[in-house]
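Engineer: I have a structure I would like to understand better, so I am pasting it below and will then ask my questions one at a time.
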Amino acid sequence: MLINTHAQVINKEGKSIQNLYAGGGAAVGISGDHSYGYMSGNGLLAALGFGKIAGDHAALSILNEGMEVK
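Residue numbers (our numbering): 373 to 442.
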């Protein structure tokens with residue numbers, strides 16, 4: 373899956389899909405664009421990093437929409 377700098381998944385039209393995030397092995401281009409380019413250490417680091425980015429962006433989106441966080 374293609375992602376943007378907020379770890380949001382990008383559709384075929386190049387627009388982000390609301391509330392859909394990806395990181396690690398699911399995100400294309402981290403360790404290469406094929407499965408044989410996947411390296412476990414890089415995948416874990418990318419999953420951790422993009423997980424943080426996605427979580428921050430999702431939380432900010434919720435707060436900007438005025439939704440109550442429980």
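In this text, a Cβ means the ideal position worked out from N, Cα and C, and glycines have one as well.
What would DSSP say about asparagine 436, mapped onto helix, strand or coil?
Structural biologist: Helix at asparagine 436.
Engineer: Do glycine 526 and glycine 415 have their C-beta atoms closer together than 8 Å?
Structural biologist: Any question about residue 526 goes unanswered here, given that the chain covers just 373 to 442.
Engineer: Can you name, in chain order, every residue of its own chain whose Cβ lies under 8 Å from the Cβ of glycine 421, other than the five neighbours on each side?
Structural biologist: Cβ within range, chain order: Gly395.
Engineer: So, alanine 399 versus alanine 430, is the Cβ gap smaller than 8 Å?
Structural biologist: The answer is no: Cβ separation not under 8 Å.
Engineer: Put leucine 420 into one of helix, strand or coil per three-state DSSP.
Structural biologist: It is helical.
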